[in-house]
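Read the structure below first, then the notes.
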Amino acid sequence: MTYDVEQIRRDFPILERKVRGRPLVYLDNAATTQKPRQVIDALVHYYEHYNANIHRGLHTLAEEATAAYEGARVKAGRFINAAAPEQEIIFTRNTTESLNLVANAWGRKFLEPGDEILFTAMEHHSNLVPWQMIALETGAKVRYIEIDDDGRLIGDDVRAKINERTKVVAITQMSNVLGTINPVREIAELAHRAGAIVVVDGAQSVPHMPVDVRELGCDFLAFSSHKMLGPTGVGVLYGTREALDAMDPFLGGGEMIKRVTYERSTYADLPNKFEAGTPNIADVIAFGAAIDYLEALGMEAVREHEIAITQYAIDRLSAMDGVKVYGPREAADKGGAVTFNYRDIHPHDLSQVLDQYAVAIRAGHHCAQPLMRRLDAVATARASFYLYNRHDEVDALIEGIRASDRIFGNVVRAGA
Amino acid sequence: MSSELELDELYRELILDHYKNPRHRERIEHADVTAEGFNPVCGDEIEMELDFDGERLQAIGVRGRGCSISQASASMMSELVEGKTIGEIRHLSEEFKQMMTEPESAVPEDLGDLEALQGVAKFAVRVKCATLAWHTLGEGIEQHQKGDGAVRVEEM
Chain A
1 MTYDVEQIRR
11 DFPILERKVR
21 GRPLVYLDNA
31 ATTQKPRQVI
41 DALVHYYEHY
51 NANIHRGLHT
61 LAEEATAAYE
71 GARVKAGRFI
81 NAAAPEQEII
91 FTRNTTESLN
101 LVANAWGRKF
111 LEPGDEILFT
121 AMEHHSNLVP
131 WQMIALETGA
141 KVRYIEIDDD
151 GRLIGDDVRA
161 KINERTKVVA
171 ITQMSNVLGT
181 INPVREIAEL
191 AHRAGAIVVV
201 DGAQSVPHMP
211 VDVRELGCDF
221 LAFSSHKMLG
231 PTGVGVLYGT
241 REALDAMDPF
251 LGGGEMIKRV
261 TYERSTYADL
271 PNKFEAGTPN
281 IADVIAFGAA
291 IDYLEALGME
301 AVREHEIAIT
311 QYAIDRLSAM
321 DGVKVYGPRE
331 AADKGGAVTF
341 NYRDIHPHDL
351 SQVLDQYAVA
361 IRAGHHCAQP
371 LMRRLDAVAT
381 ARASFYLYNR
391 HDEVDALIEG
401 IRASDRIFGN
411 VVRAGA
Chain B
417 MSSELELDEL
427 YRELILDHYK
437 NPRHRERIEH
447 ADVTAEGFNP
457 VCGDEIEMEL
467 DFDGERLQAI
477 GVRGRGCSIS
487 QASASMMSEL
497 VEGKTIGEIR
507 HLSEEFKQMM
517 TEPESAVPED
527 LGDLEALQGV
537 AKFAVRVKCA
547 TLAWHTLGEG
557 IEQHQKGDGA
567 VRVEEM
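Here the protein sequences come in this chain order: A and B. So the first sequence is numbered by our numbering: it starts at 1 and just counts up by one. So the second sequence is numbered by our numbering: it starts at 417 and just counts up by one.
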């Protein structure tokens with residue numbers, strides 16, 4: 001099947017939208033992606049035809065809802081090549097909750113004073129703050145792997161910082177700011193040899209490239225539905241059966257128990273042990289439709305499309321006077337996020353100008369304040385692409401950036 | 417309205433002038449109060465020193481890093497409030513915040529250059545950029561009245 005971006009775009013109703021009279025150019029896909037008709041339909045179909053609570057009803061609707069919900073679990077597991085999708089996929093609210101689940105449930109049980117938690121200098125706050133919190137509680141220490149000026153992990157620092165005290169290595173597979181793709185498999189090998197577990201933030205990688213958890217050799221992988229065509233409110237935590245079985249539950253309540261007395265309870269088997277209370281049934285089911293959509297396109301094809309458009313964006317931005325691009329310059333080494341600054345125009349001002357031209361980008365610290373300090377930037381602008389973006393949308397971005405000259409053209413800030 | 421016109425209304429010449437040449441940038445050594453403002457959502461930063469003569473703000477020094485709106489607003493504010501009493505500053509602060517939250521209301525005459533920020537009210541996400549300096553100043557005044565020397569404000 002050839003990759004037909006025009007045909008793909010027809011599946012996304014929102015791409016018809018105009019902003020201030022101009023066609024929407026949506027380049028904020030690292031924040032959240034748009035939804036195809038198939039996903040929206042699945043959501044509506046559930047509410048119109050088989051809305052019911054799952055796992056406990058004995059009526060037709062409950063059975064249908066349960067089958068669709070559990071079907072989405074299997075789809076999510078197969079999507080990342082989990083060995084046992086029925087047990088190894090936990091649904092949460094988002095990547096952040098998935099990472100908090102691991103930090104709390106695994107960390108509280110296994111971390112001791114003096115243990116080390118190692119993350120990287122490019123982590124999103126969601127793979128950094130939960131570890132700081134659990135470190136405070138358990139007496140463990142947090143350390144981080146340094147990056148070079150191109151935004152890549154420094155190999156010597158990886159080897160120097162993984163040691164016999166390291167108990168957790170928490171690492172993003174693809175940076176949400178720099179786009180850098182990290183060598184997770186190699187780091188996981190080092191970590192396991194040292195006796196540490198490996199927790200991967202896949203929020204940016206899973207939506208944009210083929211990801212195989214068995215090949216990566218990670219113990220946990222977290223990602224979000226809404227960054228891969230699915231609804232908001234659904235996160236995934238993949239964990240190996242061994243790792244998940246070793247942990248105590250995170251939240252207590254309905255669904256996660258076997259037997260309850262006033263004094264004590266026994267817990268349900270995987271995956272229910274980690275899914276207390278009524279889950280987000282409708283959105284999980286629609287997430288299943290998002291996975292179907294991605295599978296039909298093929299993740300290799302999606303990745304190929306993104307490499308082409310990302311390289312085009314990097315090349316065009318780099319050719320502009322006054323643009324500073326952060327992170328790797330080769331699209332093959334990175335995901336579809338391109339972070340930059342233009343002259344000394346603050347990214348908020350730049351983003352405001354672009355919005356007037358219907359170009360949506362992200363401006364700010366991208367939930368990575370320590371990384372911003374490392375890059376010596378107060379904030380940056382980020383354009384991020386997905387499977388429906390076209391090359392002419394990069395052109396619109398460049399035009400919009402040029403338009404900011406008209407306003408800020410002669411502004412050079414004193415002492416800035 | 418065209419994109420160009422709307423942008424011109426937001427980024428008035430006066431704003432860009434204050435952004436380009438911020439007033440009262442000099443640090444005041446041994447000031448009565450130092451105050452820092454930080455907007456964690458966008459990373460805008462403002463720091464200021466305040467020197468009082470009784471109820472009167474005798475001198476203010478302001479610096480910061482952030483977007484044109486946040487930095488221009490701080491500069492315009494510093495020009496307006498220096499030499500005013502705490503009571504007068506509170507009144508101006510109220511007027512400014514009202515101008516930011518009620519785009520339709522009449523613009524008070526005593527706001528000086530800050531009047532140029534009127535267009536910001538139409539861009540809801542930028543209002544916090546414009547008010548950061550005022551919130552920081554307000555906290556600084558409160559600290560002064562409590563007798564404390566330093567304060568840090570985090571806008572949410």
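Yeah, the Cβ is synthetic: ideal placement off N, Cα and C, and Gly gets one too. If you're wondering where the values come from, they're calculated on a predicted model, not measured in any experiment.
- Note on A:V177: 16 or more other CB atoms within 10 angstroms of its CB, so buried under the neighbour-count rule.
- DSSP places A:R382 in the strand class (E or B) of the three-state scheme.
- DSSP places B:D467 inside the beta strand (DSSP E), whose first and last residues are D460 to D469.
- With 16 or more other Cβ atoms from the protein chains shown falling within 10 Å of its own Cβ, A:V284 counts as buried.
- Note that the segment 94-103 of chain A touches the segment 117-132 of chain A; at least 3 beta-carbon pairs, one per stretch, sit closer than 8 Å.
- With the rule of 3 Cβ pairs closer than 8 Å, the segment 318-335 of chain A counts as touching the segment 204-215 of chain A.
- Residues of the segment 4-29 of chain A with a Cβ closer than 9 Å to any Cβ of chain B, in chain order: R20, G21 and R22.
- Pairing A:L111 with A:I162 gives a Cβ-Cβ distance that is not under 9 Å.
- The criterion of a C-beta distance shorter than 9 Å is satisfied by B:D526 and B:E511.
- By the C-beta criterion, the segment 475-492 of chain B is judged not to be in contact with the segment 561-569 of chain B, since fewer than 3 inter-stretch pairs fall below 8 Å.
- Per DSSP, reduced to three states, the secondary structure at A:P249 is coil, with no helix or strand assignment.
- For A:R214, the closest of A:P231, A:A191, A:Y238 and A:Q38 by C-alpha to C-alpha distance is A:Y238.
- Comparing alpha carbon positions, the residue from A:K141, A:F91 and A:L190 closest to A:D157 is A:L190.
- Using a Cβ distance threshold of 9 Å, A:Y293 and A:D4 do not count as a contacting pair.
- Contacts with chain B at 9 Å (Cβ-Cβ) include A:D349.
- Chain A has a Cβ within less than 9 Å of the Cβ of B:S419.
- Restricting attention to A:A313, A:R78 and A:Q38, the CA atom closest to the CA of A:R382 is found in A:A313.
- Counting the other Cβ atoms within 10 Å of the Cβ of A:K75 gives 16 or more, which makes it buried.
- Close to A:A383, with beta-carbon spacing below 7 Å, lies no residue of chain B; the smallest spacing is near 18 Å.
- The alpha helix (DSSP H) runs of length 4 or more contained entirely in the segment 486-553 of chain B are, from start to end of the chain, 502-517.
- One Cα belongs to A:D41, the other to B:A549, and the distance between them is close to 47 Å.
- By the neighbour-count criterion, in which a residue is buried when 16 or more other Cβ atoms sit within 10 angstroms of its Cβ, A:I14 is exposed.
- Between A:T380 and A:P347 a beta carbon distance of about 6 Å is seen, short of the 8 Å cut, so the two are scored as contacting.
- Contact residues of the segment 118-151 of chain A toward chain B are absent (C-beta to C-beta distance below 8 Å).
- The Cβ atoms of A:Q34 and A:Y386 sit closer than 9 Å to each other.
- When Cβ pairs closer than 8 Å are counted between the two stretches, the segment 303-319 of chain A is seen not to touch the segment 243-251 of chain A, the count staying below three.
- A:E164 sits in coil when the DSSP states are folded into three classes, being neither helix nor strand.
- As for any beta strand (DSSP E) of minimum length 3 sitting wholly inside the segment 174-241 of chain A, the runs are 197-201, 220-224 and 235-239, ordered along the chain.
- By the rule that beta-carbons nearer than 9 Å mark a contact, B:I485 touches chain A.
- Each of A:F223, A:I54, A:P183 and A:D376 was checked against the Cα of B:G459, and the nearest Cα belongs to A:D376.
- With a cutoff of 9 Å on beta-carbon distance, A:E275 and A:F91 are scored as near each other.
- For the pair B:L553 and B:I476, the CB atoms are nearer than the 9 Å cut-off.
- Non-local beta-carbon contacts of A:P249 in its own chain, meaning distances under 6 Å to residues more than five positions away in sequence, involve M256, Y267 and K273 in chain order.
- Only residues of its own chain outside the window of five on either side were considered, and among them D11 and P13 have a CB closer than 7 Å to the CB of A:R37, listed in chain order.
- A straight line joining the alpha-carbon of A:Y26 with that of B:F468 spans about 50 Å.
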